Structure formats: structure tokens, C-alpha cells
Amino acid sequence: MPGRIWRWPEMRRTGPLDLAVPFVVIGITVYVLLRVSYSALPPLQTFVPVPLAALAVAELVAARRVRAAVRHDPDARPMAAIVIARCVALGKASSLVGAGVVGAAVALLIRVAPEADMVRSAGSDTRVAVFLLVAALLLVAAGLLLERAGIDPGSREPDDRGKPA
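Going by the numbering used here, the sequence shown opens with residue 37, and the numbers climb by one from there.
Now the structure itself:
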């Protein structure tokens with residue numbers, strides 16, 4: 037349609053800026069909220085990072101299967117294209133959520149680590165924040181791996197069209 041200004045957005049690979057925005061925005065927001073209300077919060081439970089770590093492990097397993105299906109490995113079971121597309125979307129979403137949780141965990145560490153030796157709950161929260169940081173980093177890595185596993189090896193970014201491969 038001539039003169040059409042708006043176009044459907046294209047899904048593109050997750051880049052560093054895509055991960056930096058939720059990291060910074062959520063990190064600053066959580067830090068400000070913790071500065072104001074940390075003393076009113078209950079101690080964090082040790083199991084808080086477990087779902088993130090479990091999701092990351094599941095995505096690592098899925099990434100291996102998706103990569104094998106996309107590359108048509110002889111041992112791979114075929115997968116429907118819609119399943120692969122959903123896995124790519126899940127990977128992208130997980131990496132973005134993981135980046136936000138990394139920001140929140142860093143903010144929590146900045147807030148509670150200095151008090152860890154003086155306040156028992158701050159020491160416990162510091163340990164949980166470290167585990168949360170590790171689980172969130174694992175989720176970011178697994179999400180990026182799952183996203184890239186579903187991309188055809190012969191394809192190029194939309195920005196790369198017309199450029200030599």
C-alpha cells in the first residue's frame with residue numbers, strides 16, 4: 037500500500053541493548069524501593085531462585101533439541117515450525133526477564149551486602165541474592181541459546197539484506 041507509514045514489527049535477535057534496558061530500569065527501580073522499604077520486608081526465602089534455575093535448565097535441554105531439529109540432524113526428531121517459533125519467543129522472553137532479574141539481584145546485593153555482617157536477615161538475603169544472580173544469569177544465557185537455536189543457520193538478520201554474507 038503506497039504511503040503506508042506503519043509496518044508490522046519484525047522479530048529480531050536479542051542484542052546487548054535489549055538486555056541492558058530491563059537490567060538498568062528494573063535495577064534502579066528495585067534499588068530505590070529497597071532504600072525506602074527494606075526494613076519492612078520479610079527475609080527472602082532460600083527457594084526464590086529455584087524456579088529460574090529450573091526454567092534455565094529446561095531451556096538448555098529444549099535448545100539442544102531445537103538446534104538438532106533446525107539443522108536436520110539424523111538423530112533429531114522433527115518439530116513443527118510453530119513449536120520452534122514458540123521456543124524462539126520463549127528464549128527471547130526469558131533472556132529479557134532474566135536481565136531484569138539480574139538488575140534486581142544486583143540492586144539487592146548493593147543494598148544488603150554492606151549490612152550482611154551486622155544484620156542476620158541481611159546476611160541471609162545476601163546469600164539468596166547471590167543465588168538469584170547466578171540463576172538469572174543462567175536464565176539469560178539459556179534464553180539466548182534457545183533463541184539462537186531456532187534460527188536457520190543460513191538466514192541473516194533483516195538489517196543484513198543486500199550485504200555480502
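Built from N, CA and C at the ideal position, the CB exists for glycine as well.
Owing to the predicted nature of the structure, the values given are computational and were not obtained by experimental measurement.
Measure the Cβ-Cβ separation of residue i and residue j and say whether it is below 7 Å.
i           : j           : result
residue 50  : residue 130 : no
residue 186 : residue 102 : yes
residue 134 : residue 172 : yes
residue 168 : residue 141 : yes
residue 66  : residue 165 : no
residue 124 : residue 183 : yes
residue 179 : residue 63  : no
residue 175 : residue 92  : yes
Just the C-alpha distance for residue i and residue j, rounded to the nearest angstrom, thanks.
i           : j           : result
residue 95  : residue 106 : 16 Å
residue 147 : residue 82  : 18 Å
residue 74  : residue 90  : 27 Å
residue 114 : residue 104 : 9 Å
residue 44  : residue 136 : 26 Å
residue 170 : residue 100 : 21 Å
residue 121 : residue 47  : 11 Å
residue 119 : residue 52  : 26 Å
residue 71  : residue 79  : 15 Å
residue 109 : residue 54  : 31 Å
residue 56  : residue 86  : 24 Å
residue 188 : residue 68  : 42 Å
residue 40  : residue 77  : 51 Å
residue 84  : residue 163 : 11 Å
residue 177 : residue 88  : 12 Å
residue 42  : residue 61  : 28 Å
residue 190 : residue 58  : 30 Å
residue 116 : residue 161 : 43 Å
residue 151 : residue 112 : 51 Å
residue 154 : residue 181 : 40 Å
Which residue comes first and which comes last in the alpha helix (DSSP H) that contains residue i?
i           : result
residue 143 : 117-148
In chain order, what are the residue ranges of uninterrupted beta strand (DSSP E) at least 3 long that sit wholly in the region 50-91?
none
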